[in-house]
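Student:
Residue numbers (my numbering): 6 to 244.
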């Protein structure tokens, strides 16, 4: 396609699979490619936002970093959907648990993504918009979790523009609305998918509990994410 490569992605049309896993950290993308995929080839190194395509259980799948925050994932996911023919993006990342029922190491699936961002303003809607996941991907992820013995927690998450809050206690106010966890990207991903008629899901491993101060040790953060990664990879397989 004439639109590829893009200013942010060195791939050509056809280099990227229809299903893409998107961690924030490009080194986590490399970890997934190295540990789970076969016949791996690198399709992007622009800005060190590494992207790889390979096969998982014989099915094509790609994995690419999406960066931190909604502007970053907004760019990468838009280009994948619009210019590369990608149909499904599964964000795989970390989150801070908010709801008292959520513990470190839990796997959370964002059914909806509240946000304090103004990302939706670009659509000139006459009201507020509720970004939601693909029900098909969500249902399959929950089933895949059960098959692995993982109780995937499903509910609303918060996509925030802020990591260092001027008033950290404001995070607690989301508890009263049943929000499970906070991260920084899903709402933009869900809105891009909705606008372009594509599918998206955000899967999260809870790495810390910001309201109590509990967090995973650094050496556990990589290994504790394997359940989430394997659930996400299963979504690239035929339903």
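Think of the CB as a built atom: it goes at the ideal place given N, C-alpha and C, for glycine as much as any other residue.
May I have the straight-line CA-CA distance separating residue 2 from residue 174, to the nearest angstrom?
Tutor: Residue 2 is absent from the model: the chain starts at 6 and stops at 244.
Student: Tell me, please, which residues DSSP counts as bridged to residue 47.
Tutor: Residue 47 pairs with 57.
Student: Determine the extent of the alpha helix (DSSP H) in which residue 226 is found, giving its start and end residues.
Tutor: Note, residue 226: alpha helix (DSSP H), 223-226.
Student: Can you tell me whether DSSP reads residue 235 as helix, strand or coil?
Tutor: If DSSP states are grouped into helix, strand and coil, residue 235 belongs with the helices.
Student: In whole angstroms, what separates the C-alpha of residue 54 from that of residue 104?
Tutor: Between residue 54 and residue 104, the C-alpha separation is close to 32 Å.
Student: I'd like the span of the beta strand (DSSP E) that includes residue 204, first residue to last.
Tutor: Per DSSP, residue 204 belongs to the beta strand (DSSP E) from 204-214.
Student: Decide if residue 44 is buried, meaning its Cβ has at least 16 other Cβ atoms within 10 Å, or exposed.
Tutor: The residue is exposed, with fewer than 16 neighbouring Cβ atoms inside 10 Å.
Student: Measure from the alpha carbon of residue 115 to the alpha carbon of each residue in 216, 186 and 213, then state which is nearest.
Tutor: When only C-alpha atoms are compared, the closest one is 186.
Student: Note down, one range per segment and in chain order, each beta strand (DSSP E) of at least 3 residues found wholly within the segment 68-138.
Tutor: With a minimum length of 3 residues, the continuous beta strand (DSSP E) runs that stay inside the segment 68-138 are 93-102 and 112-120.
Student: Report buried or exposed for residue 118, applying the criterion of at least 16 other Cβ atoms within 10 angstroms of its Cβ.
Tutor: Label assigned to residue 118: buried.
Student: Would you give the residue range spanned by the alpha helix (DSSP H) that residue 144 belongs to?
Tutor: Taken as a continuous stretch (DSSP letters only), the alpha helix (DSSP H) holding residue 144 covers 140-152.
Student: So, residue 94 versus residue 240, is the Cβ gap smaller than 7 Å?
Tutor: It is not a contact, given that the beta carbons lie outside the stated cut-off.
Student: Would you report the Cα separation of residue 208 and residue 40, rounded to the nearest angstrom?
Tutor: Those two C-alpha atoms are separated by around 19 Å.
Student: What is the rounded straight-line gap between the Cα of residue 85 and the Cα of residue 91?
Tutor: Their backbone Cα atoms lie some 6 Å apart in a straight line.
Student: Apart from the five residues on each side of it in sequence, which residues of its chain come closer than 8 Å, Cβ to Cβ, to residue 203?
Tutor: Closer than 8 Å at the Cβ level, and outside the excluded window around residue 203, lie 86, 91, 92, 93, 94 and 197.
Student: Give a yes or no on whether the C-beta atoms belonging to residue 98 and residue 150 are separated by under 7 Å.
Tutor: Not closer than 7 Å, so no.
Student: Just mark residue 154 as buried or exposed, buried being the case when its beta carbon has 16 or more other beta carbons within 10 Å.
Tutor: Its Cβ having fewer than 16 others within 10 Å, residue 154 is exposed.
Student: So is residue 212 buried or exposed if we call it buried at 16+ other beta carbons inside 10 Å?
Tutor: So residue 212 ends up on the buried side.
Student: Looking only at C-alpha atoms, which of 179, 80 and 171 sits nearest to residue 27?
Tutor: Closest option to residue 27, Cα to Cα, is 80.
Student: Consult DSSP for residue 163 and reduce its assignment to one of helix, strand or coil.
Tutor: Correct three-state label for residue 163: strand.
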